[in-house]
Amino acid sequence: MKIAGKTDVGMIRKTNQDTFRIAVLCDGIGFALVCDGMGGVKGGDQASAIAKRMITAVVRDNIRAGMMDDELHDLLLRAIFEANRQIYEQAQSQPEFAGMGTTALAAIITPDCAYIGHVGDSRLYQLHGGQFYQVTRDHSRVQEMIDLGQITPEEARLRPDRNIITRAVGIAPDVDVDLLDLQLSPGDRLLMCSDGLSGLCSDREMGEVLSSHPIEEVTEQLIAAANRKGGYDNITVVVIEN
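Taking full-length UniProt numbering, the leading residue of the sequence shown gets 1, the next gets one more, and so forth.
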């Protein structure tokens, strides 16, 4: 297993409120995390930093070889719940952080399966058998409109409310987490990213880059592509090769 990651402030923002973490844990189990903070300059930074720290710590301290599927899902839930609690409590106690929150896309990766915990609009894609497709479903206003047939995915990219998310870590005492497991084959690649990438680059563009370069170059090239298109947001890219 190979994992590479990179984050970039983009062309417009003054600070980077995205964070990511990649690691290989016990017995070659991979771990990857992407968080995209929100809630003003200080709040977004703080929320994504807390989520990165807490989710990583809970997974790292409790992972062990031979865990069953439901145990790995429970571990991801515990990690995201703990991050939610920490962010929410700080926002309640310190007015300068009121309303802060973050997306969270966390993955525990074995040779056969990726276990995913997901809140917000940071995305996971899979490249399998030459086919590239989105795995996660955004928790966003425009995604709800797409589901209702009110707009197309192409129209969603142009809407001014495209960045409004309907779920986030830390904005309420409780958080609803989507849990997925994804079967993997040798040679599969996974792409995890913040909306600074997926909001600017099409699936076709991302799939072409992911399928044709070493993973370290993929992170560089995708960030460069988003910046060429305006770099309106922070950009984070994590790539896993099975």
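Glycine is no exception: its CB is placed at the ideal position from the N, C-alpha and C atoms.
For clarity, every value in this text was computed on a predicted model and none was experimentally measured.
In the three-state reduction of the DSSP assignment, Y88 falls in the helix class.
Following the DSSP letters along the chain, one finds R21 inside the beta strand (DSSP E) bounded by residues 18 to 24.
Under the three-state reduction of DSSP, V239 is assigned to strand. Around the C-beta of L190, 16 or more other C-beta atoms lie within 10 Å, and the residue is accordingly described as buried. Residue pairing by DSSP places M38 opposite G101 in a beta bridge. Segment contact: the stretch 144 to 154 against the stretch 21 to 28, fewer than three CB-CB distances shorter than 8 Å; contact not assigned. Bridge partners of K2 according to DSSP: E241. E241 has its alpha-carbon roughly 11 Å from the corresponding atom of H128.
Within the model, the alpha-carbon separation for Y133 versus Q126 is close to 6 Å. Secondary structure at H73: helix, using DSSP grouped into helix, strand and coil.
Annotation for Q143: no beta strand (DSSP E) segment contains it, though the alpha helix (DSSP H) segment containing it runs 141 to 147.
If only uninterrupted beta strand (DSSP E) runs of at least 3 residues are considered, those enclosed by the stretch 140 to 219 are 178 to 183, 189 to 193. Contact check for D36 against T110 fails: the beta carbons are separated by 8 Å or more.
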